[in-house]
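The sequence shown begins at 0 in numbering that gives the first Met the number 0 and counts up by one.
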Amino acid sequence: MNDNRQHYKMIDVGDKAITRRVAVASGRIVMNAETFAMVRDGTLPKGDPLRLAEVAGVLAAKKTPEIIPLCHPLGLDQVRVAFRLDAADSAVTAFCQASSSARTGVEMEALAGVNGALLTIWDLAKQVQPDLAIEGIRLLLKTGGKSGRYEHPDGIGELPEGFGS
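What follows is the structure, given as structure tokens:
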């Protein structure tokens, strides 16, 4: 069959060296001051969003190959989720760090973790504010593998304690 469509394939990483891989991603959700106070205080009608979002971020990182078609399933050594609350901007920044001893990186897992955490905050807060905005999701840094260390060109800023190592 002469077919000009793109055929997708999972990259073969079998010959790559197993190295420690670490990736940190971040993103934020912006809201009004009233909603921010409810998020900060854990008083949204559905419950405390930050505690649930932390668990959701870990679960999202673990489930990454189930939702991203060509992502390799990895044994994750660790997933951590943390939040920074910014009252001046009425925003919550989520951070996710994933690590593994593997043949391929954990960038997608860190990014999925941030998305899972932010979407959970959105879900719990949408009842009081339907016009929330999720923004700035990005890979901050990664280490390991042949390419070594990568840092986002705009910088990584101040990471939560214990992140980035």
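Cβ coordinates follow ideal geometry from the N, Cα and C atoms, glycine included.
The structure displayed is predicted, hence computed values, not measured ones.
- Beta-bridge partners assigned by DSSP to Q77: S98.
- With fewer than 16 neighbouring CB atoms inside 10 Å of its own CB, N31 falls in the exposed class.
- For A132, the enclosing beta strand (DSSP E) covers residues A132 to T142.
- Scanning its chain for C-beta atoms nearer than 8 Å, with the 5 sequence neighbours on each side dropped, one finds around L69 the residues Y7, K8, M9 and I10, in chain order.
- The count of Cβ pairs closer than 8 Å, one atom from the stretch 98 to 105 and one from the stretch 62 to 81, reaches three, so the stretches are in contact.
- Annotation: the continuous alpha helix (DSSP H) that includes I120 extends over E106 to A124.
- If only complete runs of 4 or more residues are kept, the stretch 25 to 96 shows the alpha helix (DSSP H) at 32 to 40, 48 to 61 and 63 to 66, in order along the chain.
- Across the structure, V113 and G161 are spaced so that their CA atoms are roughly 17 Å apart.
- In chain order, V38, I120 and L123 place their CB closer than 6 Å to the CB of P48, counting only its own chain and leaving out the 5 sequence neighbours on each side.
- The three-state secondary structure of A22, taken from DSSP, is strand.
- Annotated three-state conformation of Y7 is coil, per DSSP.
- Remark: fewer than three beta-carbon pairs, one from each stretch, lie closer than 8 Å, so the stretch 147 to 157 and the stretch 11 to 19 are not flagged as touching.
- The three-state secondary structure of E160, taken from DSSP, is coil.
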